[in-house]
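If you read the protein sequences in the order shown, they are chains A and B.
Quick note: the first sequence uses this note's numbering, first residue 82, plus one each step.
Quick note: the second sequence uses this note's numbering, first residue 82, plus one each step.
Beta carbons: idealized from backbone N, C-alpha and C, even for Gly.
Beneath this line is the structure, given in structure tokens, with notes to follow.
Protein chains: 2
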Amino acid sequence: MDADTVAEDRPTTTSTDALASWREGPTRSAVLDFVARVSGEGPTPPVPLEERIAVFDNDGTLWCEKPLPIQLDFILRRLVDMAEADPALRDRQPWKAAHERDHPWFGAAMDAHYAGDDRMLKEFAGGVLAAYDGMSVEEFEQRSEAFLRSTSHPTLGRPYLGCTYRPMVELLDHLTAHGFTTYIVSGGGRDFMRPVSDELYRVPRERVIGSTVALAYAGDGNGGTITHTPVLDYLDDGPQKPVRIWSRIGRRPLLAAGNSNGDSAMLDFTQHAASPSLRLLVLHDDGEREFAYTAGSEAALEQAGRDGWTVVSMKDDWATVF
Amino acid sequence: MDADTVAEDRPTTTSTDALASWREGPTRSAVLDFVARVSGEGPTPPVPLEERIAVFDNDGTLWCEKPLPIQLDFILRRLVDMAEADPALRDRQPWKAAHERDHPWFGAAMDAHYAGDDRMLKEFAGGVLAAYDGMSVEEFEQRSEAFLRSTSHPTLGRPYLGCTYRPMVELLDHLTAHGFTTYIVSGGGRDFMRPVSDELYRVPRERVIGSTVALAYAGDGNGGTITHTPVLDYLDDGPQKPVRIWSRIGRRPLLAAGNSNGDSAMLDFTQHAASPSLRLLVLHDDGEREFAYTAGSEAALEQAGRDGWTVVSMKDDWATVF
């Protein structure tokens, strides 16, 4: 065994290189101190391993969500394909906007949603639900994986799979190295993320929580098939996030990270009677390296100040973004 | 360190004592051979660890479900308490049957359900949904745990927590020792089983899949509360079992064990293109040590013969039941 082999056997995260892409400062210190406290490296006893649960929103928290969420690009291409195949769809929303490349229509639907008006989102959802009706879960995953592996971000000049935030991936690894179990709790589609979650985040498919349509099983004595139905099961956003965390995990998390109003309930829920907790809110204030925006995050930022959540400034706290 | 300490440090399952409560014969051999094949102990390469998923029904598969499912006893006591507190409820089903100790009414509702007629079950479900409306998930768990720790089986002369089948617990441990991840996939209530699943089966709470009402989150800036609503989210039975397995795990299992028609879809779904699979159907044919019945299992037993599932005879295949 030579020296290189020995080096490779070492854990990838050590105390000296933990959170290497984070700038020194109060935010990085708050994260490191919290993990040290939970692990019993300070004066207080360690938190039992089974309670070390960390939950992460995906869009805007672990990877880029501007100019449009990555899954929205995937869906728009599907709507364009449908409109190409059936001209009657070109006069109906959301196929009309997709076919005419009217992207602001979709952005406006999301902005209205975060402001509490779901009318456009419902029109859009009708199209999304029709887009995959009757498709098997396996075929849907093949399509989402093929898209994610072949498509690049429209303005950042990097593949979509290169749009994850390096500091957050380091945080996921640092938590895992300290006995945490990490979950994704996304408003995006659960089955859209599953094919790449382990590779991107070391979060295996069974620890991906996200939105989904209702599924239906048809048996055939030979394994059977699970297919998408045109009915929303739930949108994993807002107050649904704590409900889905409870349903899947059965515990309150110790750490939650998000970036928008849709994450506030999850951060609020992240609290234990007798253990420390950490709530992180990623602030998109870096128009040079990523994007600068607070639309859809105003209430969350306000609550962060009120409830002592830790705001992570992309501009100030991250030495590297991607 | 003395000899006793050394003995306690040994793994509880070794090749010689694996499935010790199972009688020698084709059923035990089929199980051991399957696990050996999956683990690469035979001529074929091992199945990747992440694909080694095993799913188990609970009532009638891991623990006793006669004369009434254990959770039904829990619910009946709650209905009696409600009828004691509010006389108007004593003329309405299911409070009437609970208050009059008319247990056959509930058995008839279950028999009708398994025969495809859900009218009585819906009447019963209305009572169950009202019974816990507005209760927090924490309080519900405290009540179910207190009940399970304090109540005995009505005829077997043992506490409810002693009503698990020893051979099945040995099977769970044998699978875990061979790299499997085990899940409970029960028609019973998910949150009813969670407080005891780890202790009884070494299945931690996040790997319990079961039925549930819809839950609602109300935030208060201080952790908030998740409460039961009077609306069924889903009954984890029949074709819902594969759907819930996919939703939670995102994989088809390699092994599934059940005992009733409600488990057939789950067993059918347990199939991989390139890996072995094992489908177990527990047959209650031991009126002396447990109960003898096939009501609600007729179609499953028929399919077992047709599709090559392995039928486990409690009388012939198990040396010990409890």
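| Asked | Found |
| --- | --- |
| Proximity to leucine 362 of chain A [Cα-Cα], best of A:Ser225, A:Asp344, A:Val119 | A:Asp344 |
| Delimiting residues of the alpha helix (DSSP H) encompassing arginine 370 of chain A | Taken as a continuous stretch (DSSP letters only), arginine 370 of chain A belongs to no alpha helix (DSSP H), as it is neither H nor E. |
| Test item: CB-CB of phenylalanine 205 of chain A and proline 175 of chain A under 7 Å | yes |
| Span separating the alpha-carbon of leucine 336 of chain B from that of serine 358 of chain B | 6 Å |
| Straight-line Cα distance separating tyrosine 315 of chain A from leucine 330 of chain A | Inspection of the sequence shows that residue 330 of chain A is occupied by isoleucine rather than by leucine. Cα-Cα distance, rounded: 17 Å. |
| Residues from the stretch 119-131 of chain B in contact with chain A, defined by Cβ distance under 9 Å | Glu131 |
| Within chain A, the residues that valine 324 of chain B reaches when beta carbons sit closer than 9 Å | Ala295, Leu296, Ala297, Tyr298, Ile307 |
| Bounding residues of the alpha helix (DSSP H) (the contiguous stretch that carries proline 311 of chain A) | First-last for proline 311 of chain A: 306-315, but that is the beta strand (DSSP E), not the alpha helix (DSSP H). |
| Proximity of alanine 346 of chain A and proline 311 of chain A at Cβ, strictly below 7 Å | no |
| Beta-carbon contacts of threonine 125 of chain A that lie in its chain and below 7 Å, excluding the five residues immediately before and after | Arg118 |
| C-beta neighbour in chain B for glutamate 287 of chain A, strict 7 Å | yes |
| Valine 128 of chain B versus histidine 259 of chain B - alpha carbon distance | 11 Å |
| At least 3 beta-carbon pairs within less than 8 Å: the stretch 226-243 of chain A vs the stretch 131-140 of chain A | no |
| Coil, strand or helix - threonine 86 of chain A by DSSP | Caution applies to threonine 86 of chain A, whose pLDDT of 39 falls short of 50 and renders its modelled position unreliable; the value that the coordinates give is listed next. Helix. |
| Three-state secondary structure assigned by DSSP to phenylalanine 137 of chain B | strand |
| Per-residue contacts from arginine 275 of chain B into chain A (C-beta, under 7 Å) | Gly331 |
| Endpoints, the beta strand (DSSP E) within which serine 267 of chain A is located | 262-270 |
| Proximal residues, the stretch 372-399 of chain B versus chain A, C-beta separation under 8 Å | Gln384, Arg387, Asp388 |
| Residue-chain proximity (phenylalanine 115 of chain B, chain A), Cβ-Cβ < 7 Å | no |
| Per-residue DSSP class, three states only, for valine 393 of chain B | strand |
| Entirely enclosed beta strand (DSSP E) segments - the stretch 203-253 of chain A, minimum 3 residues | none |
| Leucine 359 of chain A - partner residues in DSSP beta bridges | A:Leu336 |
| Reference tryptophan 327 of chain B, options A:Glu146, A:Ala338, A:Arg271, closest by Cα | A:Arg271 |
| Leucine 253 of chain B beta carbon less than 7 Å from that of serine 208 of chain B | The amino acid occupying residue 208 of chain B in the given sequence is glycine; serine does not appear at that position. No, Cβ-Cβ distance for glycine 208 of chain B and leucine 253 of chain B is not below 7 Å. |
| Closest Cα partner of alanine 111 of chain A within the set A:Val402, A:Asn340, A:Val392 | A:Val392 |
| Per-residue burial, threonine 263 of chain B [other beta carbons within 10 Å of its own, 16 or more giving buried] | buried |
| Reduced DSSP secondary structure (H/G/I, E/B, other) of leucine 149 of chain A | coil |
| is_contact[glycine 260 of chain B, chain A] using C-beta, thresh 7 Å | no |
| Neighbour flag for alanine 135 of chain A against chain B, beta carbons, 7 Å | no |
| Partner residues on chain B for aspartate 344 of chain A, Cβ-Cβ distance less than 8 Å | By Cβ distance, chain B contributes nothing, its closest Cβ being about 12 Å from aspartate 344 of chain A, past 8 Å. |
| Reference aspartate 397 of chain B, options B:Glu287, B:Pro248, B:Leu296, B:Ala135, closest by Cα | B:Pro248 |
| Cβ pair asparagine 139 of chain A, glycine 238 of chain A closer than 7 Å | no |
| In DSSP terms, what tyrosine 298 of chain A is bridged to | A:Ile307 |
| Neighbour-count burial assignment, alanine 354 of chain B, 16 or more Cβ in a 10 Å radius | exposed |
| Endpoints, the alpha helix (DSSP H) within which aspartate 388 of chain A is located | 379-388 |
| Straight-line Cα distance separating arginine 158 of chain B from leucine 143 of chain A | 48 Å |
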